[in-house]
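Chains as they are written, first to last, in our numbering: chain A, 1 to 219; chain B, 1001 to 1129.
Notes follow once the structure below has been shown.
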Amino acid sequence: MHALYDLAVGPLAWLAFGVFIIGSVYRLLAMRALALRKDGAFVAYVSWPHAFKSLAHWFTPFGALGWRENPGVTIATFIFHICLFLVPLFLMGHIVLFDTFRGWSWPALPDGAADVLAIVVVVICAYFLWRRLSVPEVRFVTSAQDVLVVSLVGLTFLTGVLAYHRIGDNLVLTTLHILSGEAMLVAIPFTRLSHMLFGVFSRGYIASEFGSVRHAKDW
Amino acid sequence: MKRRTTPLALVAFVAALLLALPALSQQDMTTVPDEAFKTRTRPPALFKHDEHNEKAKLDDCTACHHGEKDGKRDPGADTSGIPCSDCHAVEAKPGRTPLMRAFHKQCLGCHMTQKKGPVTCGDCHKPVK
Chain A
1 MHALYDLAVG
11 PLAWLAFGVF
21 IIGSVYRLLA
31 MRALALRKDG
41 AFVAYVSWPH
51 AFKSLAHWFT
61 PFGALGWREN
71 PGVTIATFIF
81 HICLFLVPLF
91 LMGHIVLFDT
101 FRGWSWPALP
111 DGAADVLAIV
121 VVVICAYFLW
131 RRLSVPEVRF
141 VTSAQDVLVV
151 SLVGLTFLTG
161 VLAYHRIGDN
171 LVLTTLHILS
181 GEAMLVAIPF
191 TRLSHMLFGV
201 FSRGYIASEF
211 GSVRHAKDW
Chain B
1001 MKRRTTPLAL
1011 VAFVAALLLA
1021 LPALSQQDMT
1031 TVPDEAFKTR
1041 TRPPALFKHD
1051 EHNEKAKLDD
1061 CTACHHGEKD
1071 GKRDPGADTS
1081 GIPCSDCHAV
1091 EAKPGRTPLM
1101 RAFHKQCLGC
1111 HMTQKKGPVT
1121 CGDCHKPVK
């Protein structure tokens, strides 16, 4: 297990960050090339003001009609995504690894707060999973991959919470936590998690068409 | 009468304690000393000095109690008995190793190269039994 831990924090960490960054750049460039080839006309009506205005609405809770339809899901979605970024980036345990091996350090969230937010992520993941499998209109658009990526995010945070509370074998749980986190990073460019890369561009595209072609709001 | 004996006894007691402290700190220490930190985020790392060194077959004190030369680690100097925080400030100047990083590099770094000993947060930072 010690050897697997070494592998996970060493070579596999480099590999995961590498695949995530290079894969993301590749996917963005490939998507741009595909868009230019299949729908080159969009270049003519792309409108940054419409795109930013629409994004501002969609980044605001209940700022778009789509967010008002299902208030529970909206609240869960916003809290989920905020915690999803906040916890891993500002977790003491993560910063310590960078501090020890690279000499980089930045302010951390208090451990207690990070713990609560991580548990919130696990609970919302379980809710999303339940929703994907039980709500008919959501189930209709759910593939096996969607279930898999939500589970992967949930597993990463769950193993992190268990390791923090020292429930179970700490080396096993921590190694599992690191490996699932790395799998999540690798999955971002190549699964539905790519909405992290494409989300703002798809919204910008729709906003441009609605704004400068149809003269209508898309929020 | 009372006024004179109490402070004297107190001074003697403190002196005895200070003299006994280096011996006490080595044999009876159960954790890495964390007194220098103003705020603690985790319980201090479990560390029984003599038990650890016996298990790790460590005879050379400088493996941990190293010196410093031109801003670099100097394994030639033995600094046993000097608290780590005397050189490794909690908030270190640029180019110097702050105390937390020094502790982590010392313990985790060695455990990683030796492929032995605890390497996860929760295996060191846990309450003393």
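Every residue gets a Cβ at the ideal spot worked out from N, C-alpha and C, and that includes glycine.
This structure is a prediction, so every number in the text was calculated from the model and none was measured.
Open item on the list: I'd like the span of the beta strand (DSSP E) that includes ASP1074/B, first residue to last.
Closed with: 1072-1074
Task: Closer than 8 Å to chain A by CB, HIS1152/B - done: Past the edges of chain B, shown from 1001 to 1129, lies residue 1152/B, and the structure says nothing about it.
- [ ] Would you mind reading off the limits of the alpha helix (DSSP H) that contains GLY154/A?
- [x] 144-164
- [ ] Check whether the segment 183-203 of chain A touches the segment 143-154 of chain A, taking contact to mean three or more Cβ pairs, one atom from each stretch, closer than 8 Å.
- [x] By the criterion of at least three beta-carbon pairs nearer than 8 Å, the segment 183-203 of chain A is in contact with the segment 143-154 of chain A.
Task: C-alpha gap between THR60/A and MET184/A, whole angstroms - done: 26 Å
Open item on the list: Using a Cβ-Cβ cutoff of less than 6 Å, which residues in the same chain neighbour VAL120/A once the five nearest sequence positions on both sides are dropped?
Closed with: CYS83
Open item on the list: Just to confirm before moving on: does the CB-CB distance between ARG132/A and VAL123/A stay below 8 Å?
Closed with: no
Open item on the list: For HIS2/A and THR1120/B, I'd like the C-alpha separation in whole angstroms.
Closed with: 10 Å
- [ ] Express the C-alpha separation of ASP169/A and THR175/A in angstroms, rounding to a whole number.
- [x] 10 Å
- [ ] Would you kindly report the start and end of the unbroken alpha helix (DSSP H) that includes GLU137/A?
- [x] 136-139
Open item on the list: On a Cα-Cα basis, can you pick out the residue from ASP99/A, PHE90/A, LEU15/A and VAL96/A that is closest to ALA117/A?
Closed with: Per the sequence shown, the amino acid found at residue 117/A is Leu instead of Ala. Put simply, of ASP99/A, PHE90/A, LEU15/A and VAL96/A the residue whose alpha carbon is nearest the alpha carbon of LEU117/A is PHE90/A.
Task: Closest residue to HIS177/A among ASP111/A, ALA113/A, ALA108/A and PRO88/A (Cα-Cα distance) - done: PRO88/A
TODO: Below 8 Å CB to CB, which residues in the same chain sit around LEU129/A once its five sequence neighbours on both sides are set aside?
DONE: VAL147, VAL150, SER151 and GLY154
Open item on the list: In the DSSP output, what is GLY1067/B paired with across the bridge?
Closed with: ASP1074/B
TODO: Pick helix, strand or coil for LEU91/A, following the three-state DSSP scheme.
DONE: coil
Task: Inter-residue Cα distance where the pair is LEU29/A and VAL43/A - done: 15 Å
Task: Those runs of the alpha helix (DSSP H) which lie wholly inside the segment 43-115 of chain A and span at least 4 residues - done: 48-58, 65-68, 71-89 and 92-102
Open item on the list: Along the segment 1111-1124 of chain B, where does the CB come closer than 7 Å to a CB of chain A? Name the residues.
Closed with: Answer set for the segment 1111-1124 of chain B: MET1112, LYS1115, VAL1119, THR1120, CYS1121, GLY1122 and ASP1123.
Open item on the list: Under 8 Å, Cβ to Cβ, is there at least one residue of chain B near ASP6/A?
Closed with: yes
Open item on the list: For a quick check, are the C-beta atoms of HIS1066/B and ARG1073/B less than 8 Å apart?
Closed with: yes
Open item on the list: Going by beta-carbon coordinates alone, are HIS1111/B and ALA1102/B separated by less than 8 Å?
Closed with: no
Task: Contact set between ALA238/A and chain B, taken where Cβ atoms lie within less than 9 Å - done: An answer regarding residue 238/A cannot be provided, because it is not within the stretch 1 to 219 covered by chain A.
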